[in-house]
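S.K.: Below is a structure I'd like to ask you about.
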Amino acid sequence: LEQQFLRSQRMESIGTLAGGIAHDLNNVLAPIMMSIELLKLQEQSAQKQDILATIECSASRGADLVKQVLSFARGVEGRQLAIQVGHLLKEVEKITNETFLKSIQVRCEIPAPLCVVQGDPTQIHQVLLNLCVNARDAMPNGGQLKLSARNLVMDSQCASMIAGASPGQYVHIQVADNGTGMPPEVVDRIFEPFFTTKELGKGTGLGLSSVLAIVKSHHGFLRVESELGKGTTFHIYLPAHMSEHAEIEAAQPGELPRGN
Ligand code: ADP
Numbered sequence: 678l679e680q681q682f683l684r685s686q687r688m689e690s691i692g693t694l695a696g697g698i699a700h701d702l703n704n705v706l707a708p709i710m711m712s713i714e715l716l717k718l719q720e721q722s723a724q725k726q727d728i729l730a731t732i733e734c735s736a737s738r739g740a741d742l743v744k745q746v747l748s749f750a751r752g753v754e755g756r757q758l759a760i761q762v763g764h765l766l767k768e769v770e771k772i773t774n775e776t777f778l779k780s781i782q783v784r785c786e787i788p789a790p791l792c793v794v795q796g797d798p799t800q801i802h803q804v805l806l807n808l809c810v811n812a813r814d815a816m817p818n819g820g821q822l823k824l825s826a827r828n829l830v831m832d833s834q835c836a837s838m839i840a841g842a843s844p845g846q847y848v849h850i851q852v853a854d855n856g857t858g859m860p861p862e863v864v865d866r867i868f869e870p871f872f873t874t875k876e877l878g879k880g881t882g883l884g885l886s887s888v889l890a891i892v893k894s895h896h897g898f899l900r901v902e903s904e905l906g907k908g909t910t911f912h913i914y915l916p917a918h919m920s921e922h923a924e925i926e927a928a929q930p931g932e933l934p935r936g937n
């Protein structure tokens with residue numbers, strides 16, 4: 678528990694530090710971007726135009742990164758709406774099927790009873806999309822990505838097996854891929870801000886830390902199961918929004934493996 682506390686403190690300080698740096702970097706980038714615009718207004722040789730285009734491209738990549746870091750460091754404050762998880766999953770299935778390579782099949786199992794949570798649909802959408810993009814990156818030779826959701830009663834025995842969990846009624850969302858999987862030493866670090874195994878320019882290492890921040894701000898928790906060569910499943914538990922339609926299915930004892 679102490680280790681968990683130290684880790685979350687460390688993550689918080691990395692977040693604060695990164696926010697400060699991003700803010701300063703923004704002030705550095707602004708005049709660069711403005712000067713580029715000014716130079717573009719003047720007549721330039723083809724060679725100079727090329728150089729300018731390169732500077733502009735790099736500067737705007739920097740500005741994007743700064744924006745991501747700032748929104749991560751500021752934290753997220755969202756709306757409080759009743760969200761039909763099935764609708765969100767369908768949307769994400771559509772976007773991913775349209776934008777991912779055809780070698781990646783995205784399947785979505787829409788829950789029969791309504792699965793409703795409370796919070797900000799844009800943020801939960803972002804969570805699902807981040808997990809899907811990671812799953813895509815873990816399947817460079819193609820594979821299957823499965824999205825599903827169900828209502829779940831978590832008893833105290835189940836809750837005691839998951840870090841940060843407490844008993845209650847939840848919507849359990851799963852994002853499962855059959856990609857590369859991760860070794861335990863990577864799994865241990867994936868929620869750290871800026872931790873990435875992707876090559877320079879491909880990953881920021883902020884995806885899963887924002888996933889965690891959003892899930893926490895929705896009073897949920899998550900865990901990950903991953904096996905090298907087999908694949909990875911992210912489990913998200915969000916408190917169920919009580920509605921008379923929701924039929925609740927009890928968790929099977931012993932269903933939750935050890936770990937995260
Ligand atoms: P990024 O995607 O920018 O690297 P993330 O925080 O989203 O940052 O992910 C951190 C790291 O976690 C990734 O670089 C990757 O090593 C690992 N990872 C995340 N999701 C998966 C997955 N589905 N399969 C394998 N590895 C994953």
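Okay, so the sequence shown: first residue is 678 according to the UniProt record's numbering, each after it adds one.
Quick reminder that beta carbons are idealized off the backbone N, C-alpha and C, glycines included.
From a predicted model like this one, the values you see are computed outputs, not experimental measurements.
#1: Can you give me the C-alpha to C-alpha distance between V830 and P844, rounded to a whole angstrom?
#2: With G845 as the anchor, note down where its beta strand (DSSP E) starts and where it stops.
#3: Under 8 Å, do E902 and M688 count as touching if we go by C-beta distance?
#4: Does the distance from the CB of C785 to the CB of L824 come in under 8 Å?
#5: Using the C-alpha atoms, what's the distance from A707 back to D701?
#6: Do the stretch 773-789 and the stretch 809-826 make contact, defined as three or more Cβ pairs closer than 8 Å?
#7: Let me check one thing: in DSSP terms, what residues is E904 bridge-paired to?
#8: Which same chain residues end up closer than 7 Å to G692 when comparing Cβ atoms and leaving out the 5 residues on each side of it in sequence?
#9: Can you tell me whether DSSP reads E869 as helix, strand or coil?
#10: Indicate, with yes or no, if the ligand ADP has a heavy atom lying under 7 Å from the CB of G755.
#11: Kindly list the residues whose CB is nearer than 7 Å to the CB of G856, restricted to its own chain and excluding five residues on each side of it in sequence; keep chain order.
#12: Ordered along the chain, which non-local residues of its own chain (more than five positions away) have a Cβ less than 8 Å from that of N807?
#13: Less than 8 Å between the CB atoms is what I'm expecting for G696 and L747, so what's the real figure, rounded?
M.R.: Looking at the atomic coordinates:
#1: Residue numbering aside, residue 830 sits at position 153 when the sequence shown is read from its first letter. Residue numbering aside, residue 844 sits at position 167 when the sequence shown is read from its first letter. If you take the alpha carbons of V830 and P844, they lie about 8 Å apart.
#2: Along the sequence shown, read from residue 1 onward, the residue named residue 845 stands at position 168. Per DSSP, G845 belongs to the beta strand (DSSP E) from G845 to D854.
#3: For this step, residue 902 is matched to residue 225 along the sequence shown. For this step, residue 688 is matched to residue 11 along the sequence shown. No, the Cβ-Cβ distance between E902 and M688 is not below 8 Å.
#4: Position 108 of the sequence shown, counted from the first residue, corresponds to residue 785. Position 147 of the sequence shown, counted from the first residue, corresponds to residue 824. Yes, the pair counts as a contact, with Cβ atoms nearer than the cut-off.
#5: Start at 1 with the first residue of the sequence shown, and residue 701 comes out as number 24. Start at 1 with the first residue of the sequence shown, and residue 707 comes out as number 30. Cα atoms of D701 and A707: separation of roughly 10 Å, rounded to the nearest angstrom.
#6: The stretch 773-789, when compared against the stretch 809-826, does touch it at the 8 Å Cβ threshold.
#7: For this step, residue 904 is matched to residue 227 along the sequence shown. BP columns for E904 point to G908.
#8: As a working note, residue 692 is residue 15 in the sequence shown. Result list for G692: F749, A750 and P870, in chain order.
#9: The sequence position of residue 869 within the sequence shown is 192, counting from 1. In this structure, E869 counts as coil in the three-state DSSP scheme.
#10: For the purposes of this step, residue 755 is taken as residue 78 along the sequence shown, with counting starting at 1. For the ligand ADP, not one heavy atom lies less than 7 Å from the Cβ of G755.
#11: Locating residue 856 in the sequence shown gives position 179, counting from the first residue. Around G856: A812, A815, M816, G820, G908 and T909.
#12: The residue labelled residue 807 in the question sits at position 130 within the sequence shown. Taken in chain order, the residues that qualify are G884, L885, S887 and V888.
#13: Within the sequence shown, the letter at position 19 stands for residue 696. Within the sequence shown, the letter at position 70 stands for residue 747. The Cβ separation is near 6 Å, so the contact holds.
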